[in-house]
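All remarks here apply to the structure that follows.
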Amino acid sequence: MAMKAYRASLLWFAPHSEGPVRALFEEDGLLVVGPNAQGRQVVQAIGDWNAVSAQYPGLPVEHLEGRIIAPGFVDLHVHFPQTNVIGSPASGLLPWLENYTFPEEKRFAAPDYSAQAANFFVAELLRNGVTTALTFATSHVASVDALFTEAQQRQLRLITGLCLMDRHAPDDLLNQGANGLGGTEQSLRDTEALIQRWHGVDRLGYAITPRFAPTSTDAQLRGAGELAAKYSDVWIQSHVAENKDEIAWARELFPQSRSYLATYNDFGLMRQRAVYAHCIHFDDDDRVLMRDTDAAAAISPTSNLFLGSGFFDYAGADRVGFNYGLASDVGGGTSFSPFHTMLAAYYVGREGQTKSGLSLSPQQLWWQHTAGAARALGLEGMVGNLLPGCEADFVVLNPKATPLLERKTSIASNLDELLFSMIVLGDDRLVEKTVISQAI
Ligand code: GUN
Ligand code: ZN
């Protein structure tokens, strides 16, 4: 596959090993992409147009005048079967699950329904500039196959897995038994078969996916933990400490664990590549457990504001020091747009500011949805950035996409002002094009 270059303004991030988050920006830049040893398009060079173009004489250049190329966004937690659930009002998480989410997820037992929903979902991710996603499916194998199939066709980097739930949900949403097996045992066999079918195929990855502790028996969580030990490079995803009623329920069901979060650790479900959504109502022992196990939090601010769940404690997370990144959590979350998520995260950070003096910078917000989220997934240096060697997933942003964006971005006098203008005013209209790394 040929080398190719793009001339535009460029946004990317200094390596995390170099210290605090630092965005890099080149007003007139050149991004060179070309195949790596495996034949996948990766970044070969990035920097100032004059300097980089001199190293590649004769290379075809696409000039994207007035546009900004930035890393594709990484959505650290999203539910593909909840596209239709966006904007469903409820007094809180548990009634929202019961009245809107579970009834919709039942429909994914039908392969046709799963396939068309997967098609819409992946298109919506791409329209919004999301190029890597850690995604919930439903408790039906058909939903997992449908989403992997769709992502594979689009060459998207996507991680998903069979939703494990063997109690406390409607009967037809519980994992079903087959061939004389109970639902619990069958769900674990299905998980292992799906790992073997999909994990590491093209850009796809598998995530062992207990929905949350209250909808799994001890036996299911134990089995999930055993699979997590056996397949150490698959991901784990679940929910934790989102809502006060949920926490009380989890404590009742697993009283032997020190905390709701500790329940997962007690079943072997906390390690590198384990991503827990929400992580709102934590104490410092929980934060230390996140840090010491190298698990990561998927912060889902639009969901937390919509469902009235609470506010992620950025100051607490940074005081102890565990990994986190941003997530849409559609359909608890209200938007597929990373710009909406970053703006909501800013509001959440402001809430904590009175206590900590902390306020999130636009560079931090953007990092949390790109390179930071990639780091939380253990994919740093592979996605979420445009350093040489990163897979060539990127967005082309048009800062003149709307009259107000044009007016506001044109008066930005530094990088932070420019990024903030896009975070506050941006949505899918800002994303002119999403480019996915291709393979031969
Ligand atoms: N906890 C368990 N299931 C869910 C879900 O689907 N969405 C959210 N936001 N929280 C959950
Ligand atoms: Zn969720």
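When you line the sequence shown up against this note's numbering, it's residues 6 to 445, in that order. Cβ atoms here follow ideal geometry from the backbone N, Cα and C, with glycine treated the same way. None of the values given here were measured: they were computed from a predicted structure.
Just to confirm before moving on: does the CB-CB distance between residue i and residue j stay below 8 Å?
{"i": "Trp371", "j": "Leu424", "result": "yes"}
{"i": "Ala303", "j": "Tyr281", "result": "yes"}
{"i": "Leu382", "j": "Leu179", "result": "no"}
{"i": "Leu69", "j": "Val353", "result": "no"}
{"i": "Ala332", "j": "Gly357", "result": "no"}
{"i": "Ala322", "j": "Leu274", "result": "no"}
{"i": "Ser221", "j": "Asp176", "result": "no"}
{"i": "Ala444", "j": "Gly44", "result": "yes"}
{"i": "Thr214", "j": "Phe141", "result": "yes"}
{"i": "Tyr265", "j": "Ala301", "result": "no"}
{"i": "Phe78", "j": "Phe126", "result": "no"}
{"i": "Val245", "j": "Phe217", "result": "yes"}
{"i": "Asp433", "j": "Ser342", "result": "yes"}
{"i": "Ala156", "j": "Leu209", "result": "yes"}
{"i": "Leu16", "j": "Val37", "result": "no"}
{"i": "Asp421", "j": "Pro367", "result": "yes"}
{"i": "Ala128", "j": "Ala151", "result": "no"}
{"i": "Ile241", "j": "Arg202", "result": "no"}
{"i": "Ser314", "j": "Leu98", "result": "yes"}
{"i": "Pro219", "j": "His173", "result": "yes"}
{"i": "Val149", "j": "Gly134", "result": "no"}
{"i": "Tyr105", "j": "Ser96", "result": "no"}
{"i": "Gln191", "j": "Ala198", "result": "no"}
{"i": "His374", "j": "Thr346", "result": "yes"}
{"i": "Val325", "j": "Arg292", "result": "yes"}
{"i": "Ala120", "j": "Ile164", "result": "no"}
{"i": "Gln87", "j": "Leu169", "result": "no"}
{"i": "Leu193", "j": "Arg159", "result": "no"}
{"i": "Glu385", "j": "His21", "result": "yes"}
Ordered along the chain, which non-local residues of its own chain (more than five positions away) have a Cβ less than 7 Å from that of residue i?
{"i": "Tyr118", "result": "Arg112"}
{"i": "Glu32", "result": "Ser14"}
{"i": "Phe344", "result": "Met427, Ile428, Gly431, Asp432 and Leu435"}
{"i": "Ala349", "result": "Pro306, Thr307 and Leu310"}
On the three-state DSSP scale, how would you describe residue i?
{"i": "Ser14", "result": "strand"}
{"i": "Gln443", "result": "coil"}
{"i": "Pro94", "result": "coil"}
{"i": "Ala56", "result": "helix"}
{"i": "Arg172", "result": "coil"}
{"i": "His145", "result": "coil"}
{"i": "Arg45", "result": "strand"}
{"i": "Glu247", "result": "coil"}
{"i": "Val454", "result": "The structure shown does not extend to residue 454, since the chain is modelled only from 6 through 445, so no value can be given for it."}
{"i": "Leu36", "result": "strand"}
{"i": "Asn104", "result": "helix"}
{"i": "Ile416", "result": "coil"}
{"i": "Asn124", "result": "helix"}
{"i": "Lys405", "result": "coil"}
{"i": "Val400", "result": "strand"}
{"i": "His345", "result": "helix"}
{"i": "Tyr61", "result": "coil"}
{"i": "Phe272", "result": "coil"}
{"i": "Thr189", "result": "helix"}
{"i": "Gln261", "result": "coil"}
{"i": "Phe425", "result": "helix"}
{"i": "Gly330", "result": "strand"}
{"i": "Gly71", "result": "strand"}
{"i": "Ala376", "result": "helix"}
{"i": "Pro367", "result": "helix"}
Only counting the same chain, and skipping five residues up and downstream in sequence, which positions put a Cβ closer than 6 Å to that of residue i?
{"i": "Ser262", "result": "Thr268 and Asp271"}
{"i": "Ser308", "result": "Asp334, Gly337 and Gly338"}
{"i": "Glu437", "result": "Val401 and Asn403"}
{"i": "Met295", "result": "Phe327"}
{"i": "Ala114", "result": "His145"}
{"i": "Asn2", "result": "Residue 2 cannot be examined here, being either before or after the span of the chain that is shown, 6 to 445."}
{"i": "Leu365", "result": "Tyr351 and Gly354"}
{"i": "Thr137", "result": "Val79, Arg162 and Val388"}
{"i": "Val440", "result": "Phe399"}
{"i": "Ala376", "result": "Phe18, Gly389 and Asn390"}
{"i": "Asp207", "result": "Gln157"}
Grab me the residues of residue i's own chain with a C-beta within less than 8 Å of its C-beta, minus the 5 sequence neighbours each way, in chain order.
{"i": "Ser426", "result": "Pro404, Leu410, Lys413, Thr414 and Ala417"}
{"i": "Ile74", "result": "Tyr11, Ala13, Ser14, Leu15, Leu16, Gly34, Leu36, Leu391, Phe399, Val400, Val401 and Leu402"}
{"i": "Asp53", "result": "Glu31, Asp33, Gly34 and Leu35"}
{"i": "Val47", "result": "Val38, Gly39, Pro40, Asn41, Pro393, Gly394, Cys395, Glu396, Ala397 and Ser442"}
{"i": "Thr154", "result": "Ala120 and Ala123"}
(request) Let me have the residue list for the ligand GUN: C-beta closer than 6 Å to any non-hydrogen atom, ordered along the chain. (result) His84, Leu98, Leu102, Thr106, Arg216, Phe217, His244, Glu247, Ser308, Asp334 and Gly337
(request) Could you name each continuous beta strand (DSSP E) segment of 3 residues or more that falls completely within the region 281-312, going from the start of the chain to the end? (result) 301-304
(request) Return the chain-ordered ranges of every alpha helix (DSSP H) run that is complete within the region 196-235 and spans a minimum of 4 residues. (result) 223-235
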